[in-house]
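Residue numbering for the sequence shown follows full-length UniProt numbering, beginning at 1 and increasing consecutively.
Glycine included, C-beta positions come from ideal geometry on N, C-alpha and C.
Here the structure is a predicted model, which means the values were calculated and not measured.
Shown next, in structure tokens, is the structure this report addresses.
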Amino acid sequence: MNILLIKGGTQYGVLNYFLDQLGDAFKQMGHSVMELNLLENAMQQYVKLNRKKIDMAVIMNGMAADVLHQLIDTQHILIWNFFVDHPVYHEQRIHMQWHNQVSSFIDLDHCLYVNKYFKNCERTLFLPHGGSAGTQLKEYTEKSYSVVFLGTYNSIEEIAKKFNAVNETMQNILFTIAEKLSIGTNTLEQLLIEEFGKVGIELKEQDIPKIMQETSFLDKYVRNFNRTQMLEVLAKNQIYVDVFGNGWEKYDNPYPEYIRIHPAVSVEEGLNIMADAKIVINNLPLFRKGGHERIFSAMLSGAVCVSEKNEYLSEQFIENEEIVFFEFDNLDELPFKIKVLLNDTELAKEIAQRGRISTLKNHTWAKRAQEMIEYYNTIPHNCSKKCISEQTKEDSCFNLLIQFTENNTEKQISEKIIGCYRGYDLMNYSTRVRLETSHHNFPYWGKLSLDQEEFELIYQRAYHLKQHMDDFIWLYQRLNDCASRTILTNVLYYWITFDNQYLTNSCESRYQQYFDHDIIKINQNDVFVDIGAYNGDTLLTFLDNYKEYKKIICYELDPNNYKELAETSKNFPNIETRNNAVGLNHGEKVAVNIQEERSVSSRISKKQEDTAQKLIEMVSLDEDIKEKITFLKMDVEGAERDILRGASRHIKEEHPKLAVCIYHGNEDLWKIARIIDVLDDSYQLYIRYYGGTLYPNEIVLYAI
């Protein structure tokens with residue numbers, strides 16, 4: 001398997017450390033492990049990774065999920081989102097679940113909570129932390145610290161201010177919940193329902209997540225209150241405790257002789273402190289049926305773990321043989337238990353040794369990695385019935401697109417593309433501004449503005465991906481070479497990801513636009529018709545590439561451009577220029593938007609109120625050209641479909657070579673090929689890309 005670990009900024013670097021531990025374990029199991037560190041040239045790393053096959057990506061607490069849709073969705077990899085806190089702290093990220101995601105939680109109650117209130121989560125799994133050992137293990141009798149506590153502190157006084165923000169009745173409810181929460185009788189969710197019910201307030205199920213968020217400060221309040229109570233009861237009994245962690249400078253320490261505060265330490269330093277401690281004490285936040293890394297790491301590092309008791313830990317370890325428990329509703333027993341361990345070295349050594357053996361067997365990060373792979377192997381990874389037969393790498397990439405569209409609704413596709421675009425903005429702000437300016441100036445594909453939350457372009461793309469994937473599959477299978485299929489795949493991947501690298505990898509560098517010498521062959525009998533001839537630039541390119549021809553007919557509707565075209569062509573033989581619009585309805589007068597300055601974008605108007613218009617006669621090729629056409633090129637700002645229909649006789653009877661732009665509308669990418677196929681299904685189809693890397697343009701469909 002190829003596994004990607006996604007890293008970012010975390011307190012003490014702890015989440016990245018967990019990922020490193022999992023990565024080492026995956027490597028030991030024979031899997032390939034890659035990393036994407038969002039703090040170190042993330043965009044460059046992303047571009048490199050995007051071309052690699054990835055089976056599973058592992059992230060912690062949904063870290064960076066909102067900017068990684070492009071890598072995750074387009075490759076259809078399994079995302080393993082390892083949450084290490086209660087879901088109430090990560091609601092927004094949980095709401096952004098993908099269909100191909102596993103969300104694991106370190107407490108069984110957390111899983112039940114998510115299953116109940118987050119119906120979008122298809123796969124939830126109970127998976128506790130793993131533990132790690134310090135690198136400097138010591139004999140028990142040689143350890144420097146008697147009792148150690150590692151953990152942060154938040155000022156109880158600051159948190160308590162939130163109680164004052166509510167009325168007296170609500171204060172009483174919240175204090176009652178906090179009191180019961182501190183002794184671990186029920187979860188916060190259960191206590192909210194119970195205590196509000198006592199005053200006649202029935203909480204609706206759909207309101208629980210919001211109320212949980214608003215009252216989540218109770219967890220922090222109880223956690224920090226219990227920590228200080230735990231330390232102070234030991235100090236009162238003349239037991240020394242060394243405390244390491246952030247925020248303790250805010251603690252008004254009543255027993256500085258016994259409660260010895262140290263600065264925060266890194267993960268590795270913390271593990272070595274555990275290895276140098278005889279006893280490590282622990283209290284739990286909102287965990288009632290799960291385990292915390294500090295418990296397992298203390299035991300792996302050779303310390304006796306003295307922890308707050310809960311249901312899960314009681315099932316995993318034998319009390320007083322592998323671990324020592326205490327409970328906050330009987331906190332006065334804690335000093336007695338600690339003194340027994342400090343006074344009876346042999347007993348403490350035996351508990352530490354047995355605890356380490358048990359933890360090595362069941363609670364290392366290597367064990368968690370093994371459980372993750374076992375679960376991964378239970379998930380079906382078969383391609384859908386629509387998938388094409390895979391013979392090349394490009395086929396595999398295209399099949400991932402099929403799976404992506406099948407496994408998501410149109411709305412979900414839109415949301416995920418928008419997520420990609422928000423991430424694109426974070427990594428390419430200046431490019432994003434240029435992109436939106438271009439789409440404003442050339443509104444063929446829909447409006448796009450992140451600042452104004454205008455996503456018409458994205459909604460249009462999502463619509464075509466979802467509703468017309470069968471058409472894209474048909475086109476993919478109709479294309480006549482691997483290069484064409486790769487370009488189509490790359491353009492669709494860009495639609496989803498906004499990753500410019502897909503366009504860069506598609507650019508044609510050997511031949512000039514419309515004149516691929518491997519596809520287009522010209523001789524002295526060819527009649528070339530150039531529709532959308534502009535000022536003669538394509539004409540000159542044709543003459544530069546092909547020295548022989550029978551006749552050339554150029555159409556340009558803009559009078560300013562036409563003047564230059566006529567001037568350019570007059571020095572060459574057998575060239576006709578015509579100042580007409582070309583389409584389906586021969587003889588119709590059409591309003592044409594005329595640019596004040598010379599432009600490539602003059603086009604037939606569909607709105608009579610548009611300014612700067614001129615009436616131009618439209619011709620159809622079937623009526624306007626009676627002689628045989630052998631090569632037809634068109635670049636006409638979105639009128640290509642009508643022109644093809646107006647040239648149906650030429651196409652059916654004469655089978656001219658075609659070079660047609662298919663980028664002036666989202667549906668042009670597939671619909672123009674469909675029109676050609678209906679007129680003459682014997683054509684061989686090719687796609688070449690001559691555009692830039694900002695957005696897909698200058699895409700040419702060749703039909704031979």
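Name the DSSP bridge partner or partners of residue i?
| i | result |
| --- | --- |
| K551 | V527 |
| M634 | I531 and V660 |
| L557 | Per DSSP, none; premise fails for L557. |
| A57 | L4 and I79 |
| L36 | I6 |
| E308 | F326 |
| Q101 | I79 |
| L107 | A small fix is needed here, since residue 107 is Asp in this sequence, not Leu. Answer is G290, bridged to D107. |
| R688 | V700 |
Tell me the DSSP secondary structure of residue i in three-state form.
| i | result |
| --- | --- |
| R260 | strand |
| N666 | coil |
| C420 | helix |
| W80 | strand |
| T538 | helix |
| D642 | helix |
| residue 706 | Residue 706 is absent from the structure shown; the chain starts at 1 and stops at 704. |
| G9 | coil |
| T577 | strand |
| C121 | coil |
| R227 | helix |
| Y140 | helix |
| I239 | coil |
| R288 | coil |
| S599 | For S599, the predicted model reports a pLDDT of 47, less than 50, meaning its position is unreliable; a value from the coordinates is still stated below. S599: coil per DSSP, three-state reduction. |
| E319 | strand |
| V67 | With a pLDDT of 49 at V67, under the threshold of 50, the predicted position of this residue should be treated as unreliable, though the coordinate-derived value follows. If DSSP states are grouped into helix, strand and coil, V67 belongs with the helices. |
| N282 | strand |
| K589 | strand |
| residue 708 | The displayed coordinates of the chain run from 1 to 704. Any statement about residue 708 would go beyond what the structure contains. |
| V582 | strand |
| F572 | coil |
| S449 | strand |
Taking the C-alpha atoms as reference points, what is the distance between residue i and residue j?
| i | j | result |
| --- | --- | --- |
| Q411 | L313 | What sits at residue 411 in the sequence shown is Lys, not Gln. In a straight line, the C-alpha of K411 is about 43 Å away from that of L313. |
| P128 | I417 | 32 Å |
| S23 | G9 | The displayed chain sequence assigns Gly, not Ser, to residue 23. Near 18 Å, if we compare the C-alpha coordinates of G9 and G23. |
| K550 | D680 | 24 Å |
| M63 | K7 | 8 Å |
| V148 | E322 | 18 Å |
| residue 706 | S103 | Outside the shown range of the chain, which is 1 to 704, sits residue 706, and nothing can be said about it. |
| V700 | C661 | 5 Å |
| N505 | S430 | 22 Å |
| N535 | E564 | 5 Å |
| V267 | G131 | 12 Å |
| I379 | I413 | 22 Å |
| residue 708 | C507 | The structure shown has nothing for residue 708, since the chain only spans 1 to 704. |
| I77 | M1 | 11 Å |
| Y555 | L543 | 17 Å |
| K447 | I458 | 9 Å |
| L231 | H292 | 19 Å |
| D610 | A591 | Residue confidence for D610 is low, a pLDDT of 46 falling below 50, so the modelled location carries little weight and cannot support an answer. |
| V636 | T409 | 34 Å |
| residue 779 | Y221 | Within the shown structure, residues of the chain are numbered from 1 to 704, placing residue 779 beyond reach of any answer. |
| Y258 | A235 | 5 Å |
| N525 | P573 | 14 Å |
| L112 | L191 | 16 Å |
| N490 | A462 | 16 Å |
| I531 | I54 | 45 Å |
As an exercise, report each continuous alpha helix (DSSP H) stretch of at least 4 residues that is fully enclosed by the region 338 to 390, in chain order. 345 to 362 and 365 to 376
Is the region 176 to 188 touching the region 321 to 334, taking contact as three or more C-beta pairs under 8 Å? yes
Between the region 469 to 487 and the region 663 to 679, do three or more beta carbon pairs fall short of 8 Å? yes
Please determine if the region 295 to 302 and the region 186 to 203 are in contact, where contact requires at least 3 C-beta pairs separated by less than 8 Å. no
Please give the ranges of any alpha helix (DSSP H) in the region 451 to 514, keeping only runs that are unbroken, at least 4 residues long and fully inside the region. 456 to 467, 469 to 478, 482 to 497 and 501 to 504
Touching or not, the region 679 to 694 and the region 472 to 487, by the rule of three or more beta carbon pairs under 8 Å? yes
Does the pairing of the region 229 to 245 with the region 148 to 159 give three or more beta-carbon distances under 8 Å? yes
Using 8 Å as the threshold, is the region 212 to 225 in touch with the region 161 to 180, meaning 3 or more CB pairs across them? yes
Per the contact definition of three or more C-beta pairs closer than 8 Å, is the region 387 to 405 in contact with the region 109 to 120? no
My parser needs the alpha helix (DSSP H) runs of 4 or more residues fully inside the region 142 to 198; what are they? 156 to 160, 168 to 182 and 188 to 198
Using 8 Å as the Cβ pair cut-off and three pairs as the minimum, do the region 137 to 146 and the region 166 to 175 touch? no
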